[in-house]
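Structure, as structure tokens:
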Amino acid sequence: MDMQKMQNLVGEAVRDADLHPEEIPAIDLYLDQITSLTQGKLKESSEHYHDRILTKTMINNYSKDGLIAPTKGKKYSKEHILQMLLVYSMKNTLSIGEIKRILQHVYGLPEYSDALLEDVYLRFLEIKEMERDEIWDGVDCFVERSKLDVSDEADFLTLILGLASLSSYYKSIVQVLLEEHYSDRSAEREREENEAKLQRKLEKKAAKTKRKESEAAE
């Protein structure tokens, strides 16, 4: 493979299409309307992304898992749709449990509002756009710094391994930051309850032993 072909492929690999807040209607929408809206936007991306649709089943699961706020009736507000888009953006990297920890923390903030959510999403899209523009420079620099010749099969395999390891590192960084900042309170509560049960068991055992010793002394 030559560098020009690889540059074209990298460009296609990151050419996804995001739904911007101004493209979301101000009125509440039914599920069919939401999936039509997102699928229409998806067609603007490269074919690499055409099968990554947001389905009604996925949305229903997001609702059941508490990843989006409860709805009134069968319609979803713009805030609900933004919440869906955040989940959708993270689901290829994080588990549903991890996403839930993040979003429940955010939803519980005193300053949380639909305006804050929209601002976060907009800044996220700006970062994505910047990364799309600069991603090839990063790959090109990686190839040059590693002294790789992508037309050579052994060097090309080395490149694939190197990029895969970078992807793994970034995922690990996200998970470490998540675990540190968004503590799993349910796990903490379970641990505290188990420790309390163990303590009660030890106290009960100690009391029983003391009582036997007293009876033996008499």
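According to my numbering, numbering within the sequence shown proceeds without interruption in unit steps and concludes at 443.
C-beta atoms are modelled at their ideal positions from N, C-alpha and C, and glycine is treated no differently.
So what's residue i in DSSP terms, helix, strand or just coil?
i       : result
Tyr-346 : helix
Pro-335 : coil
Gly-291 : coil
Ile-327 : helix
Ser-270 : coil
Asn-317 : coil
Asp-380 : helix
Thr-280 : coil
Ala-340 : helix
Ile-352 : helix
Ile-249 : coil
Lys-230 : helix
Spatial neighbours of residue i within its chain, please: C-beta separation below 7 Å, excluding the five flanking residues on both sides.
i       : result
Lys-316 : Ile-324
Gly-387 : Phe-367, Ser-371
Gln-264 : Ile-278
Lys-396 : Thr-318
Look up residue i in the DSSP assignment and give the residues it is bridged to.
i       : result
Tyr-255 : DSSP, once it has assigned bridges, lists no residue as partnering Tyr-255.
Tyr-301 : Leu-254
With a cut-off of 8 Å on the beta carbons, I'd call residue i and residue j a contact; round off their distance for me.
i       : j       : result
Leu-279 : Tyr-313 : 6 Å
Leu-311 : Glu-343 : The pair is not a contact, with the Cβ atoms about 11 Å apart (cut-off 8 Å).
Tyr-287 : Asp-253 : Not really, about 16 Å apart at Cβ, beyond 8 Å.
Leu-384 : Val-375 : 6 Å
Val-235 : Val-364 : 6 Å
Asp-380 : Leu-373 : 4 Å
What residues in its chain sit with their C-beta under 6 Å from that of residue i, if we drop five residues either side in the sequence?
i       : result
Gln-232 : Trp-361
Lys-266 : Ala-242, Leu-244
Glu-304 : Asp-339
For residue i, I'd like the list of residues in its chain whose CB is within less than 8 Å of its CB, leaving aside the five on either flank, ordered along the chain.
i       : result
Val-401 : none
Asp-257 : Lys-281
Thr-260 : Ile-278, Leu-279, Thr-280, Lys-281, Ile-284
Lys-299 : Tyr-255, Leu-256
Leu-403 : Leu-319, Glu-323, Arg-326, Ile-327
Report yes or no: do three or more beta-carbon pairs, one from the segment 327 to 344 and one from the segment 291 to 304, lie closer than 8 Å? yes
With a threshold of 8 Å, are at least 3 pairs of Cβ atoms found where one atom belongs to the segment 248 to 255 and the other to the segment 272 to 282? no
Taking 8 Å as the threshold, find out whether the segment 426 to 433 comes into contact with the segment 342 to 354 through three or more Cβ pairs. no
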